[in-house]
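Below you'll find the structure, written out as structure tokens, and then a few comments.
Number of protein chains: 2
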Amino acid sequence: MNFTRREFAHLVGAGIALASEESAHALQQDTGRRLNYGIVGLGRISMGQFMPGVKISNRAKITALVSGHRDKALKVAAQYGVAEKNIYNYENYDSIADNKDIDAVYIALPNNMHAEYTIRAAKAGKHVLCEKPMATGVGDCQAMIDACERANKKLMIAYRCQYEPTNLRAIEMIRDGKLGTVELIESTFGFNIKKGEWRLNKKMAGGGPLMDVGIYCLNACRYLTGEEPVAVSGYSSVIDHDGRFDQVDENLVWTLKFPSGILASCSTTYGANSNGWYRVHGSKGNLHVEPAFNYDGLRIRAEVEGQPPIDQTTNDPSPHQFQREADYFAQCVFDDKQPKTSGEEGLRDMKLITAIYKSCGKA
Amino acid sequence: MNFTRREFAHLVGAGIALASEESAHALQQDTGRRLNYGIVGLGRISMGQFMPGVKISNRAKITALVSGHRDKALKVAAQYGVAEKNIYNYENYDSIADNKDIDAVYIALPNNMHAEYTIRAAKAGKHVLCEKPMATGVGDCQAMIDACERANKKLMIAYRCQYEPTNLRAIEMIRDGKLGTVELIESTFGFNIKKGEWRLNKKMAGGGPLMDVGIYCLNACRYLTGEEPVAVSGYSSVIDHDGRFDQVDENLVWTLKFPSGILASCSTTYGANSNGWYRVHGSKGNLHVEPAFNYDGLRIRAEVEGQPPIDQTTNDPSPHQFQREADYFAQCVFDDKQPKTSGEEGLRDMKLITAIYKSCGKA
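The listed protein sequences derive, respectively, from chains A and B. Residue numbers for the first sequence follow my numbering, beginning at 1 and rising by one. Residue numbers for the second sequence follow my numbering, beginning at 364 and rising by one.
Structure representation (structure tokens):
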């Protein structure tokens, strides 16, 4: 997660972290080599984003599906040209070990299943790209890292914003000193959740909006500063006693202190719709990205001393962000390189989330 | 500060808290009765805002000046038609007691002088309109309240945003339930301070940016919710070791928890320019006021379920906010009514500021 300037230049050079209006896709060379993904969990993010992203990629391919709903899986398989023999369920999942059509799995299950399905994939000799949050607790994160290390397989957490042009441009502006000394960051992300979502089940979700959407703000504070917080503090609350928040919190605010002295104030909610956004205040200028975490339409605004103001909406339609993510992980596997958003990166956020909940009195 | 709906309607009815594009001035009736103000301290806010505000008022008048610089005072007196006999300095200030041309004083001195000059004014039998922050500590605030009560004189803290149309419109929307249940508030205010400002002197200022500009955010969280925080937490830091922050902090972030469960995340800085703004997230809509605390050009944006979006910049040029404030206090004196932003209101903020500093380890 800590980009050095050289790493950043490398990413940009590779066309992966392309901080421009052109899509990574358009610039890619088809090397002929593709990473074969098995998709674990056919929910909204898999079906609506990741799979369409892989479809427009020439470094990745969908070759297998893992689902509890065989009928659904058969339809999706037909759509993506996946062989029927490569459809698995959660019982026979371990037998992917015997299937050479699968190099890696993309795990998009409820949070509490991330650890088990990552560890089983590693044991089956597959690389793992796992959705955020990495798991529901620190112990599971460490077990996932250990399992992948033992199996000598790559593990990446799907922090797609760290591969997305507008966010990379924000990072670049900060690293290049355009804002001068960074002093403050603010960030918020929330939505008005519907009754019945698995995200409201404490066991499945591990927590409330911080686990699900607040994690974007937390992760952003870390990639924008390139620092690890030395102190965290938070408050959580439930206002709407309509049955949605019997298990998890509704609202959460928190503050972070970084070693350099940069301070961040953040908030997240399941009780109100809020764009995901951040603002960075530096001695020489300000940066405002809103929306910052959406699948497309990201907008960056900046006022920097002695320069014309920036106000640009990235022309990078969905599912390009997911294509980039899938491609980046493929390249890590091909190059035997640790992903920038490795298991360690997910673990760091989980430790901070745990500390924030502890501060809220929810440990 | 806790507006009941009836109080709010009363304010609006009086044309003082007018939440519309028309200026309070235009609608005022000249009753012939005016409150005669003595101006204590001829700095930027007095000269640039308050005095021009009174000049366009027909309920208030400037009849005396208190300044350490007689030459400056003579020039200003000529400009405002103040009799030379009504020019005072800090030594003979107490003799305003004998001057029937003075009903009230407006105190715009460095923060640490607010208490002394309020108490001396009360003893001299004058009403007091005092700039924010009320003082540099809780004890002084209480002493100011006590002195004014003993003298049976009104005391108002110049929280001008509580008399300003855009902020009142935001409050009205919230009280009317337009946003549904309020869940989260965010607010920031900061500027890149120049070396040599008295605000950087701990003794004179009482603290860093929280005392000076962060107080707008803190006060806004209270007037927007109409609640008093039950818990506060903060971090402060100094990043720029360029001599400016040898005595006061540079950055401060804090969170507030309100009895209803509303949470707020706020920040302030002397190290970067930031618009003063707030955002309110409710179950049915969002409100964003930016700038929210400037002397003019305030802009309100709102997205409310089932209604067309609002994006309106208030046509209420400076110094109308100060006119409103001066007029409102005049009316309180005429009606023998406790100002909405009384000494108690200033004291509440000072108690919270003290608690936030304590949480930052600066008590």
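Here a beta-carbon is modelled for each residue, glycine too, at the ideal position from N, C-alpha and C. Since this is a predicted model, take the numbers as computed values, not measurements.
If you ignore the 5 residues before and after Ala498(B), its C-beta comes within less than 6 Å of the C-beta of His477, Ala478 and Cys504, all in its own chain and listed in chain order.
The beta carbons of Gly645(B) and Ala272(A) sit closer together than 8 Å. Non-local C-beta neighbours of Ser265(A) in its own chain, meaning closer than 6 Å and more than five positions away in sequence, comprise Glu186 and Thr255, ordered along the chain. Residue-level contact by beta carbon holds for Tyr235(A) and chain B, with a gap shorter than 8 Å.
For the stretch 143-161 of chain A, the set of positions with a beta-carbon nearer than 8 Å to some beta-carbon of chain B is empty. Interface annotation, Cys629(B): in contact with chain A, CB-CB separation under 8 Å. At least one CB atom of chain B sits nearer than 8 Å to the CB of Ala272(A). For the pair Lys448(B) and Thr481(B), the Cα-to-Cα distance works out to about 22 Å. Taking the beta carbon of Leu563(B) as reference, no residue of chain A falls within 9 Å; the closest one sits roughly 15 Å away. Residue-level contact check: Thr188(A) touches chain B, since one or more beta carbons of chain B fall below 8 Å from its beta carbon.
Annotated three-state conformation of Arg59(A) is coil, per DSSP.
For the pair Leu129(A) and Gly38(A), the Cα-to-Cα distance works out to about 10 Å. Proximity of chain A to Ile425(B) at the Cβ level (cut-off 9 Å) is not reached, the minimal Cβ distance being about 38 Å.
Annotation: Ser67(A) is outside any beta strand (DSSP E) and is labelled neither H nor E by DSSP.
Annotation for Met567(B): the continuous alpha helix (DSSP H) segment containing it runs Lys565 to Ala568. Approximately 7 Å separates the beta-carbon atoms of Ile625(B) and Glu546(B); this is inside 8 Å, confirming the contact. Restricting attention to Phe258(A), Ser267(A) and Glu250(A), the CA atom closest to the CA of Ser623(B) is found in Glu250(A). With a contact defined as Cβ atoms closer than 8 Å, Val253(A) and Ser267(A) qualify at about 4 Å.
Using a C-beta cut-off of 8 Å, the stretch 666-685 of chain B makes no contact with the stretch 567-578 of chain B, since fewer than three inter-stretch Cβ pairs fall below that distance. For the 8 Å CB-CB criterion, Lys126(A) and Val105(A) form a contact. Taking the beta carbon of Ala231(A) as reference, the chain B residues within 7 Å of it are Tyr598, listed in sequence order.
Taking a Cβ-Cβ cut-off of 8 Å, the neighbours of Gly645(B) in chain A comprise Ala272, given in sequence order. Leu710(B) is positioned such that its CB atom lies no closer than 8 Å to that of Pro592(B). Checking the DSSP bridge columns, you'll see Gln312(A) partnered with Ile300(A). Out of Arg513(B), Thr544(B) and Glu708(B), the CA that lies nearest to the CA of Val643(B) is found in Thr544(B). According to the DSSP secondary-structure assignment, Glu186(A) is paired through a beta bridge with Ser265(A) and Arg279(A).
For Glu613(B), the chain A residues whose C-beta falls within less than 9 Å of its own C-beta are Glu183 and Gly261, listed in chain order.
Separation of the CB atoms of Gly648(B) and Ile508(B) is rounded to 38 Å, and the pair is thereby denied contact status at 8 Å. The three-state reading of DSSP puts Cys695(B) in helix, counting H, G and I together. Between Thr225(A) and chain B, the shortest Cβ-Cβ separation is not below 8 Å.
For Thr632(B), the C-beta contacts it makes with chain A under 8 Å involve Glu183, Leu184 and His281, in order along the chain. In the three-state scheme derived from DSSP, where H, G and I count as helix and E and B as strand, Thr136(A) is classed as coil. Counting C-beta atoms within 10 angstroms of its own C-beta, His69(A) has fewer than 16 neighbours from the protein chains shown and is therefore classed as exposed.
Here Lys154(A) is buried: its Cβ has 16 or more other Cβ atoms, across all protein chains shown, within 10 Å. Only residues of its own chain outside the window of five on either side were considered, and among them Ala471 have a CB closer than 7 Å to the CB of Gly406(B), listed in chain order.
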